[in-house]
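Peer 1:
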Amino acid sequence: MIYILDTMEKLKSRLLTEDSGKHLMGVVDLLQKHSLIEADINVLAENVKAVIQHLQTFLDTKSKSGYQVCDPQYIQERIKQLEAAYIELVQLASDRHNHLIESRKLWQFFWDMAEEEAWIKEKERILSSGDIGHDLTAIHLLISKNKAAEGEINNQEKQIQALVQIGEDLIAANHFSSDSIRERIDEIQTMLANLRKLQQQRMKRLTDAVDYHQFFTDADDVDTWMLDTLRLVSSEDIGRDEANVQSLLKKHKDTTDDLKNFASTIDALHQQAGALGDEHRTAPEVLDRLSSIDRRYKELVELAKLRKQRLLDALSLYKLFNEADGIKQWIVEKEKMLDCMIMSNDIEDIEVMKHRFEGFEQEMNANSSRVAVINQLARQLLHVDHPNSEEILVQQNNLNERWAALKATADRKREQIQSAHGIQTFHIECKETITWIEEKKKLLESTEDLGDDLVGIMTLQRRLSGMERDLAAIHAKLENLEKEAEKNKLEHPEEAEKIEKNLEKIKVSWEKLTNLLKERDAKLEEAGDLHRFLRDLDHFQSWLTKTQTDVASEDIPSSLAEAENLITQHQQIREEIDNYTEDYNNLMEYGEKITRDQTDAQYMFLRERLRALQDGWTELLQMWENRQMVLSNSLDFQVFMRDAKQAEVLLNQQENYLMKDETPSSLEQAECLIKEHETFLTTMEANDEKVNAVIQFAQRLCEDNNFAADKIHKKAENMAERRNANHERAAQRMDKLRDQMQLQHFLQDCKQLSEWTQEKYITAQDDTYRSAKTIHSKWTRHQAFEAEVAANKERLRKLQQSGEELVREKRNWAPIIYPQLAELEQQFEALENATKEKGERLFDANRQVLYMQTCDDIDNWITELENQVLTAETGQDLTSVNLILQKQQAVETQMALKAKQVTELKDQAEYLENLAPEKTDEIEYKKAHVEDRFKRLLTPLNQRKTQLMKKKEAFQFCRDVEDEKLWIQEKMPLATSSEYGNSLFGVQMLKKKNQSLQSEIDNHEHRIVCVCENGNKLIQEGHEDAAKFKRLISELQCLWMELKSAIQFRRIKLEESEKAQQ
1 MIYILDTMEK LKSRLLTEDS GKHLMGVVDL LQKHSLIEAD INVLAENVKA VIQHLQTFLD
61 TKSKSGYQVC DPQYIQERIK QLEAAYIELV QLASDRHNHL IESRKLWQFF WDMAEEEAWI
121 KEKERILSSG DIGHDLTAIH LLISKNKAAE GEINNQEKQI QALVQIGEDL IAANHFSSDS
181 IRERIDEIQT MLANLRKLQQ QRMKRLTDAV DYHQFFTDAD DVDTWMLDTL RLVSSEDIGR
241 DEANVQSLLK KHKDTTDDLK NFASTIDALH QQAGALGDEH RTAPEVLDRL SSIDRRYKEL
301 VELAKLRKQR LLDALSLYKL FNEADGIKQW IVEKEKMLDC MIMSNDIEDI EVMKHRFEGF
361 EQEMNANSSR VAVINQLARQ LLHVDHPNSE EILVQQNNLN ERWAALKATA DRKREQIQSA
421 HGIQTFHIEC KETITWIEEK KKLLESTEDL GDDLVGIMTL QRRLSGMERD LAAIHAKLEN
481 LEKEAEKNKL EHPEEAEKIE KNLEKIKVSW EKLTNLLKER DAKLEEAGDL HRFLRDLDHF
541 QSWLTKTQTD VASEDIPSSL AEAENLITQH QQIREEIDNY TEDYNNLMEY GEKITRDQTD
601 AQYMFLRERL RALQDGWTEL LQMWENRQMV LSNSLDFQVF MRDAKQAEVL LNQQENYLMK
661 DETPSSLEQA ECLIKEHETF LTTMEANDEK VNAVIQFAQR LCEDNNFAAD KIHKKAENMA
721 ERRNANHERA AQRMDKLRDQ MQLQHFLQDC KQLSEWTQEK YITAQDDTYR SAKTIHSKWT
781 RHQAFEAEVA ANKERLRKLQ QSGEELVREK RNWAPIIYPQ LAELEQQFEA LENATKEKGE
841 RLFDANRQVL YMQTCDDIDN WITELENQVL TAETGQDLTS VNLILQKQQA VETQMALKAK
901 QVTELKDQAE YLENLAPEKT DEIEYKKAHV EDRFKRLLTP LNQRKTQLMK KKEAFQFCRD
961 VEDEKLWIQE KMPLATSSEY GNSLFGVQML KKKNQSLQSE IDNHEHRIVC VCENGNKLIQ
1021 EGHEDAAKFK RLISELQCLW MELKSAIQFR RIKLEESEKA QQ
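Numbering (the UniProt record's numbering) for the sequence shown: 1 to 1062.
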């Protein structure tokens, strides 16, 4: 007991130390030592328990004489002292463990913060570089690297924020170093903010540099263009003739338009210069370049104006000379024509002469505008002091003199021709008018002998109806001749007597004709009803003929509006026919009355006329119906054409959209195009309803035998073919877009892997690895880096496999996919080589230290595994055993990695022995110690795994037995049911259910057999719970046999019930 108390005092003194570690590895070492102390405390607990039990025997044991070895009071005090000392020791151990855990969190936080600080400083060194490139290509490359750095900062910021949150949690938990943690958090956040600000400043410098170099590149393009334009506007060529000048003017107009449009380019260059950075915006080279460009542009504009004016002057001169020469030639020809015109008394000669002169006047009017244009052009040229002003003035004066002389000659000739033609025309019209009056007079005199019967009345009425129109025309002619006579007397006094005689003859004949007409009208009025009947008959027949002509029209409407208009007009004709129906019936009734029982030829002629009128009326009604049908068909046809046109517009829109062959250049664009095409397909389906309606309307028109059925059928077939073709093309386009999206997805994956490879390649070339504090930490991190590279090689393999599949599907993609895969493979190979070389350099440079630290790491890991895993429980149920097995599998995975490290120690030891023979014993001792501990660890691990598997089998067997019992109990009520049916149909249904249950039980029997076999296997292996397993197997088999017997008994009962129901 004294030994135990002394041991407790020693352990207590070790637990009361204030050392909590100076760094992370020190705290980890203290925790491992503390675990050893806790193990000693656990061993001490057994000793304390044994001593207390031993002391308790002295309290319980007394001799027959009442002798006791020691005073019980003293023993109890010593027991209490021992128990109090042990409890105090346990409490101190717990406090010490908690304190070390907090210390480890603190130093782990400081360790991670140091790593982040080193990373920030490294990035600050890179971003502080003064290199901003010397051309656009270099600057864009630097911008890409800066963007990559920004992405790294964003990713690293998440890690830093996670570390900051850990620190905040420690502060919130009142950690003993909260002040240091807060100071460290503020420091790292300030450094991160400065780093982001530095990155933004470098991005701004690079962007300003891009704008600066882009400005001078664009300025060079402007100078080149202005030099080319200068050669055009400074040319001395102004043409040889009008056509040549026109060609030069057209070219100069194009050049001038380009020059005007180029002003926007120069303005954009000024705006570009204004958008430069502060140090570049006011730089002398920028301002000088802009002023030089502006000066050259102004010179070009002035030269363009001068050249245009020179070309216009040359064009005006050539145009003036050409027009003047043409007019002069025409004047010479017309002067000769006028000299040949000599007046005659023959009206035919005068008519010919007048016709020729009218043609001449038309030509003269046309050429007067040409003369005016020439004068205007000449005045303009003289006003601007044209170089050929004297020649222009002579040409203008000569032309005007010739033109004025021609006009004077033409005026005189016009007056002569008009005078001669007027008098001759008057004499001829007088003779014609007298002849016309005499003819009408003889026509009226021939009606004197006509009687008052039907024949006379009809003949007289027919002649008088035409005579009234002719007399009106003669009277108008007579008034016109009187006016012309007065005019001709003034112009031709020598013909006045002859003019008066002709007028007197006309007036005498006119009076005789009018008197004779009055006599005949009076005779006709005496005829009464018969006259009115014949007049109405003539009027109705005229209307009938006109209406038949209108109805017989074969005009086919060419538009929907025209078809609707014709339908309306045709309906108005029907209304007019209905209005004339009563007149028709009255005429037929009166005609029938006056022609009844008449044998005179005139009455018979009237009867035939009435019959013809009746046939015409019937024919008119039939014609109207036929025309109505034609117009109805035409209206349907035009409605179809309108709808078909609208449908064709939709089809055209679809075809125009499908004609676009857009190839996406990125995954986002491919997705946008697919969404756009899906929207198009939705619209297309909606438009199909309109197209189908038109096609169905066409089918109905064809079934109704429309006059344009062939045309309608062809157009409907064409629309159906176009619709189907659009559907096929839309489906093909969708397939193509999906293929393109698949290709773009592949290319994006390639790009992401390429970027990752390049980033890791930069890391692999870095001499330091995140500023790790020890060489072993560097080596460990490099191994993790190698593992990451190896893990991502699977991405490359999958990409290669995906690329091969795409090439097999689309051979034309091979030129796109294979170069991508080849480049990725080269990059990844370079990354692997760089990683391998860095590992070799790292290993060779610090091989001995790395060897020792690796041995210590493996040794510590084995110690931790022995304390944590091998001493742990093996589980009390199936769930806990499965969880422990999962942990066991994780340990085995770690064992495989450590086994590889142990194997590598042999080669490393041989190499180190050659380098440092004096340390051979130390190296061999380390290697042998680690190998021995590793080998000794394998056996307990395998035993533990075997023990866990046995426990799992036992727990699994018990679980399976319980599940099967529950299943049997679930089926037992069905098998023992006393319901056997009260009808034949009910019994048959119960038999079917019983047969289904029988099949289910038969199928489940192999499961029962399998569970029992598992239990028997455990029994044969000598499991400690073999008796329990036998009992479970027996219970399960009894329940199973009971279920089978019950189902057989129920089958027999149901068969008996079925026979009874039959």
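No residue lacks a Cβ here, since even glycine has one placed at the ideal position from N, Cα and C.
Establish whether the CB of Gln201 and some CB of chain D are separated by less than 8 Å.
Peer 2: Here there is only one protein chain, and chain D is not present.
Peer 1: I believe Phe110 touches Leu170 by the beta-carbon criterion, under 8 Å. Please report the beta-carbon distance rounded to the nearest angstrom.
Peer 2: Actually they are not in contact, since the Cβ atoms of Phe110 and Leu170 sit about 11 Å apart, beyond 8 Å.
Peer 1: Can you name, in chain order, every residue of its own chain whose Cβ lies under 8 Å from the Cβ of Leu620, other than the five neighbours on each side?
Peer 2: Answer for Leu620: Leu544, Thr547, Gln548, Val551, Ile577, listed in chain order.
Peer 1: As an exercise, report each continuous alpha helix (DSSP H) stretch of at least 4 residues that is fully enclosed by the region 103 to 177, in chain order.
Peer 2: 136 to 172
Peer 1: For Asn994, report the span of its alpha helix (DSSP H) as first-last.
Peer 2: Residues 984 to 1020.
Peer 1: Determine the DSSP secondary structure at Glu554, reduced to helix, strand or coil.
Peer 2: coil
Peer 1: Rounding to the nearest angstrom, what Cα-Cα distance links Gln888 and Asp857 in this structure?
Peer 2: The straight-line gap from Cα to Cα measures roughly 20 Å.
Peer 1: Any chance the region 360 to 373 sits against the region 396 to 416, with 3 or more Cβ pairs inside 8 Å?
Peer 2: Contact between the region 360 to 373 and the region 396 to 416 is present: 3 or more CB-CB pairs across the two stretches fall below 8 Å.
Peer 1: With a Cβ-Cβ cutoff of 8 Å, do Ser103 and Val28 count as a contact?
Peer 2: Taking 8 Å as the Cβ cut-off, Ser103 and Val28 do not qualify as a contacting pair.
Peer 1: Spatial neighbours of Ala784 within its chain, please: CB distance less than 8 Å, with the 5 preceding and 5 following residues excluded, ordered by chain position.
Peer 2: none
Peer 1: Under 8 Å between the Cβ atoms of Gln742 and Leu806?
Peer 2: yes
Peer 1: Taking Ala686 as the reference, give the member of Leu651, Ala93, Asp555 with the closest Cα.
Peer 2: Leu651
Peer 1: For Pro284 and Leu290, I'd like the C-alpha separation in whole angstroms.
Peer 2: Those two C-alpha atoms are separated by around 10 Å.
Peer 1: Would you mind stating whether His252 and Leu311 have Cβ atoms separated by less than 8 Å?
Peer 2: yes
Peer 1: I'd like to check one pair, Ser144 with Leu198: are the Cβ atoms closer than 8 Å?
Peer 2: no
Peer 1: So Thr663 is in the alpha helix (DSSP H); what residue range does that whole segment cover?
Peer 2: That residue, Thr663, is in no alpha helix (DSSP H); it is neither H nor E in DSSP.
Peer 1: Would the region 947 to 957 and the region 877 to 886 be scored as touching if the rule is three or more Cβ pairs under 8 Å?
Peer 2: yes
Peer 1: Tell me whether Ile238 sits in a helix, a strand or coil according to DSSP, three-state version.
Peer 2: coil
Peer 1: Could you say which of Cys855, Asp960, Glu962 lies nearest to Asp932 if we only look at CA atoms?
Peer 2: Taking only the C-alpha atoms, the option nearest Asp932 is Cys855.
Peer 1: Cβ of Leu606 within 8 Å of Cβ of Thr595?
Peer 2: yes
Peer 1: Applying the 10 Å Cβ sphere with the 16-neighbour rule, what's the burial state of Leu36?
Peer 2: exposed
Peer 1: Look up Ser63 in the DSSP assignment and say whether it is helix, strand or coil.
Peer 2: The pLDDT assigned to Ser63 is 44, lower than 50, so where the model puts this residue is not dependable; a value taken from the coordinates is nonetheless given after this. Three-state DSSP puts Ser63 in coil, outside helix and strand.
Peer 1: DSSP three-state label for Pro387, please.
Peer 2: coil
Peer 1: Taking the straight line between their C-alpha atoms, what separation do you get for Glu655 and Asn726?
Peer 2: Rounded to the nearest angstrom, the two C-alpha atoms are 7 Å apart.
Peer 1: Given Ile556, which residues of its chain have a CB within under 7 Å of its CB, disregarding the five upstream and five downstream residues?
Peer 2: Ser634
Peer 1: Who are the near neighbours of Gly528 in its chain, counting only those whose CB is closer than 7 Å to its CB and skipping five residues on each side?
Peer 2: In this prediction, Gly528 has a pLDDT of 46, which is less than 50 and means its spatial position is unreliable; what the coordinates show is noted afterwards. Here the set comprises nothing.
Peer 1: Count the other CB atoms, across all protein chains shown, that sit within 10 Å of the CB of Met1041; report buried if there are 16 or more and exposed otherwise.
Peer 2: exposed
Peer 1: Inspect the beta-carbon positions of Val373 and Glu323 and report whether they are closer than 8 Å.
Peer 2: yes
Peer 1: Nearest-angstrom Cα distance between Ala644 and Val694?
Peer 2: 6 Å
Peer 1: Less than 8 Å between the C-beta atoms of Gly277 and Asp218, yes or no?
Peer 2: no
Peer 1: Tell me whether Ile153 is buried or exposed, calling it buried when 16 or more other Cβ atoms sit within 10 Å of its Cβ.
Peer 2: When all chains shown are included, Ile153 counts as buried.
Peer 1: Using 8 Å for Cβ pairs, my map puts Phe957 next to Gly1015. What's the rounded Cβ distance?
Peer 2: 5 Å
Peer 1: Please identify the residue among Gln376, Phe360, Val394 whose C-alpha is closest to the C-alpha of Asp411.
Peer 2: Phe360
Peer 1: Anyone know if the C-beta pair for Val961 and Leu1054 falls short of 8 Å?
Peer 2: no
Peer 1: Going by the CB atoms, is the gap between Gln998 and Ile1047 shorter than 8 Å?
Peer 2: yes
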